[in-house]
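Q:
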Amino acid sequence: MDRKKIYLSSPTMHGEEQKFIKEAFDTNWVAPLGPNVDALEKEMAEYTGAGHASALSAGTAAIHLALRILGIGEGDLVFTPSLTFSATCNPIIYEKATPVFIDSEYDTWNMSPQALERAFEKYGPPKAVMVVHLYGTPAKLDEIMAICKKHNVPLIEDAAESLSSTYKGKHTGTFGKIGIYSFNGNKIITTSGGGMLVSDEEEITKKATFLSTQARDPARHYQHSQIGYNYRMSNITAGIGRGQLLHLEEHKAIKKKIYEQYKKAFEDIEELSMNPLNKDGDANNWLSCVLIKEGSKITPDIIMDALQELNIESRPIWKPMHLQPVFEKYDFITADGSDKNPDHSVAADIFKRGFCLPSDIKNTDEDMELIINTVRKCFNK
């Protein structure tokens, strides 16, 4: 197709990244350790207020190590949202633990505190609860944390999509015992691939770093008392991250502007509404999403096909985990008790009626006009 491609959310480089990469090459620090790794950990801890950080090869690796550090193993229960990307849940299976999928609520599209309460009533305390801040919107952390505290269960925050988002003035990823961030290529900032595990407890991040470097014991020879992983971030990719971090607030401001532009452009279309934001939070608006009114003749596929014809990238909402073939044997808990019908849930409804709009911070005014007009034409507006 000759027409310029408009991306959903692609990397945006600024130039400072090259400075840090050049320093790594000039000093031959190209291994998974070095000044950029140390500095990125320090800078991320300072930016988020997390206390301590461990730079890793992926957000998925950070989740996996979080589970390992909390001692989660075969048969242990982990309560986790159904409406998320599979990377949230795959590490639970790595450790032969058992996920229990929790439904969403319409206010934020995140984990329903009511459904979480029902899961505790049904199973008792799990080994951990994992919350996700979907598309950068903070979950109802007060309610979820109160439930975890009442039952003395640790909270893991999957803040892969919500770096720079805050809840009541505090960064997402810093509320739970362990938080994780992702620097994948489509995130608000990127290291091309990479992630971060953060915690207020230094021993936790030290343990993560130890496990991520093959769990090598402190001895002259190669000695290992535990199973480890090759999960450490490289000094090169950390350099990219340092350059990106300088522009995080700038990226966030542009993402917010994109969301507001869509919201205003579609406010006269009764059948269309934007993804809701938490009134107690400040979202990074990583992806701007819409929900089509139930009963509308217009479906997400109709709009996404119209965009695709113009070489404009969009994406369906994450398909809930309880509807995925690989996870179909695991339990799913709704807020209203309709667990026996997996299609009758908030998560399934949002998946069915929603989709993600192009949210690339490099979109020009002309790009945004084309996207908006294409969507409006589907509703004859």
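When you number the sequence shown by this note's numbering, it's gap-free, plus one each residue, and the end is 382. Even for Gly, the Cβ is constructed at its ideal location relative to N, Cα and C.
Quick check on Val31: does DSSP put it in helix, strand or coil?
A: Counting from 1 along the sequence shown, the entry for residue 31 is found at position 30. Three-state DSSP puts Val31 in coil, outside helix and strand.
Q: With a threshold of 7 Å on Cβ separation, who are the neighbours of Asp368 within its own chain once the five nearest residues in sequence on each side are excluded?
A: The count along the sequence shown starts at 1 and reaches residue 368 at position 367. Excluding sequence neighbours, Asp368 sits near Ile7.
Q: Does the contact criterion of 3 or more C-beta pairs under 8 Å hold for the stretch 320-334 versus the stretch 95-105?
A: Contact holds: three or more Cβ-Cβ distances are below 8 Å.
Q: Considering only C-alpha positions, which residue in the set Pro343, Glu118, Leu66 and Leu34 is nearest to Glu96?
A: Counting from 1 along the sequence shown, the entry for residue 96 is found at position 95. Closest option to Glu96, Cα to Cα, is Leu66.
Q: Give every residue of the same chain whose Cβ lies closer than 6 Å to the Cβ of Arg316, excluding the five residues on either side of it in the sequence, and list them in chain order.
A: Counted from its first residue, the sequence shown places residue 316 at position 315. Same-chain partners within the cutoff: Leu9 and Cys357.
Q: Looking at the secondary structure, which residues open and close the beta strand (DSSP E) in which Cys379 lies?
A: For the purposes of this step, residue 379 is identified with residue 378 of the sequence shown, where counting begins at 1. Note, Cys379: premise wrong, no beta strand (DSSP E); alpha helix (DSSP H) at Asp366 to Cys379.
Q: If distances are taken between C-alpha atoms only, which option among Lys298, Thr192 and Tyr260 comes closest to Asp361?
A: Within the sequence shown, residue 361 is the residue found at index 360, counting from 1. Minimum Cα distance to Asp361 is reached at Tyr260.
Q: If I measure Cβ to Cβ from Gly355 and keep anything under 6 Å in the same chain, skipping five residues before and after, which residues do I get?
A: If you number the sequence shown from 1, residue 355 lands on position 354. Correct list, in chain order: Cys290, Leu292 and Ile318.
Q: What span of residues does the beta strand (DSSP E) with His134 cover, start to end?
A: The residue given as residue 134 occupies position 133 in the sequence shown. That residue, His134, is in no beta strand (DSSP E); it is neither H nor E in DSSP.
Q: Counting Cβ pairs closer than 8 Å, one from the stretch 187-199 and one from the stretch 231-249, do we hit at least three?
A: These segments touch.
Q: At the level of alpha carbons, what is the spacing between Asp269 and Lys382?
A: Position 268 of the sequence shown holds residue 269. Position 381 of the sequence shown holds residue 382. Roughly 9 Å separates the two Cα atoms.
Q: Measuring CB atoms only, is the stretch 226-238 touching the stretch 47-61, in the sense that at least three cross pairs come out at less than 8 Å?
A: Segments in contact, yes.
Q: What three-state label does DSSP hand Ser87 in the structure shown?
A: Taking the first residue of the sequence shown as position 1, residue 87 is located at position 86. Helix, per DSSP.
Q: Does the structure place the stretch 215-233 close enough to the stretch 174-182 that three or more beta carbon pairs sit under 8 Å?
A: Taking 8 Å as the limit for Cβ pairs, the verdict is that the stretch 215-233 does not touch the stretch 174-182.
Q: Taking the alpha carbon of Ile303 as the reference point, which residue from Glu75, Lys378 and Lys256 has its own alpha carbon closest?
A: By one-based count along the sequence shown, residue 303 stands at place 302. Nearest C-alpha to Ile303: Lys378.
Q: Determine the direct distance from the alpha carbon of Ile189 to that of Glu47, and round the result to whole angstroms.
A: Position 46 of the sequence shown holds residue 47. Position 188 of the sequence shown holds residue 189. Glu47 and Ile189: Cα-Cα distance of roughly 18 Å.
Q: If you count every other CB in all the chains shown that lies within 10 Å of the CB of Phe352, and 16 or more means buried, which is it?
A: Taking the sequence shown and counting its residues from 1, the one referred to as residue 352 is at position 351. So Phe352 counts as buried.
Q: Taking Phe328 as the reference, give the member of Thr89, Lys20, Phe211 and Phe21 with the closest Cα.
A: By 1-based counting over the sequence shown, the position of residue 328 is 327. For the residues Thr89, Lys20, Phe211 and Phe21, the minimum Cα distance to Phe328 belongs to Thr89.
Q: State buried or exposed for Phe26, treating a residue as buried only when at least 16 other CB atoms are found within 10 Å of its CB.
A: Taking the sequence shown and counting its residues from 1, the one referred to as residue 26 is at position 25. Phe26 is exposed by the Cβ-count criterion.
Q: In angstroms, rounded to a whole number, what distance separates the CA positions of His134 and His222?
A: The residue given as residue 134 occupies position 133 in the sequence shown. The residue given as residue 222 occupies position 221 in the sequence shown. Cα to Cα, His134 sits roughly 43 Å from His222.
Q: According to DSSP, is Phe267 part of a helix, a strand, or is it coil?
A: Taking the first residue of the sequence shown as 1, we reach residue 267 at position 266. Note: Phe267 maps to coil in three-state DSSP.
Q: Give the straight-line distance between the Cα atoms of Thr109 and Ser226, rounded to the nearest whole angstrom.
A: In the sequence shown, the residue the question calls residue 109 occupies position 108. In the sequence shown, the residue the question calls residue 226 occupies position 225. Going from the Cα of Thr109 to the Cα of Ser226 covers about 44 Å.
Q: Starting from Gly244, trace the alpha helix (DSSP H) in both directions and tell me its first and last residue.
A: Numbered from 1 along the sequence shown, position 243 holds the residue referred to as residue 244. Unbroken alpha helix (DSSP H) run through Gly244: Asn236 to Leu246.
Q: Find out if the Cβ-Cβ distance for the pair Val199, Ala98 is shorter than 8 Å.
A: Along the sequence shown, one-based indexing puts residue 199 at 198. Along the sequence shown, one-based indexing puts residue 98 at 97. Their beta carbons are not under 8 Å apart, which means Val199 does not touch Ala98 by this criterion.
Q: Quick check on the DSSP output: the beta strand (DSSP E) that includes Thr157 runs from which residue to which?
A: The residue labelled residue 157 in the question sits at position 156 within the sequence shown. Residue 157 is actually Ile in this sequence, not Thr. Leu156 to Asp159 is the span of the beta strand (DSSP E), which, as asked, contains Ile157.
Q: Going straight from the alpha carbon of Asp337 to that of Val38, what length do you get?
A: Here the question's residue 337 lines up with position 336 in the sequence shown. Here the question's residue 38 lines up with position 37 in the sequence shown. The straight-line gap from Cα to Cα measures roughly 46 Å.
Q: Could you pull out every unbroken beta strand (DSSP E) segment of at least 3 residues lying fully inside the stretch 270-336, listed in chain order?
A: The qualifying runs are 273-275 and 290-293.
Q: Who are the near neighbours of Arg69 in its chain, counting only those whose CB is closer than 8 Å to its CB and skipping five residues on each side?
A: As a first step, residue 69 must be located in the sequence shown, where it is residue number 68. Taken in chain order, the residues that qualify are Glu96 and Leu212.
Q: Taking the alpha-carbon positions, what's the Ile148 to Asp201 distance?
A: Along the sequence shown, read from residue 1 onward, the residue named residue 148 stands at position 147. Along the sequence shown, read from residue 1 onward, the residue named residue 201 stands at position 200. Whole-angstrom Cα-Cα distance: 20 Å.
Q: Within the same chain, show all residues whose beta-carbon is closer than 7 Å to that of Leu324, passing over the 5 residues directly before and after it, in chain order.
A: Your numbering for residue 324 matches position 323 in the sequence shown. Excluding residues within five positions, the ones whose Cβ falls inside 7 Å are Pro343 and Ala349.
Q: Is the stretch 149-167 touching the stretch 12-23 in the sense that three or more CB pairs, one from each, lie closer than 8 Å?
A: The stretch 12-23, when compared against the stretch 149-167, does not touch it at the 8 Å Cβ threshold.
Q: Please determine, among Leu247, Ser183, Ala116 and Leu34, the residue with the shortest C-alpha to C-alpha distance to Tyr136.
A: If you number the sequence shown from 1, residue 136 lands on position 135. Minimum Cα distance to Tyr136 is reached at Ser183.
Q: Can you tell me the Cα-Cα spacing of Asp283 and Ile255, whole angstroms?
A: The count along the sequence shown starts at 1 and reaches residue 283 at position 282. The count along the sequence shown starts at 1 and reaches residue 255 at position 254. So the two alpha carbons sit approximately 14 Å from each other.
Q: From the DSSP output, which residues share a beta bridge with Leu198?
A: For this step, residue 198 is matched to residue 197 along the sequence shown. Answer is Ser55 and Ile181.
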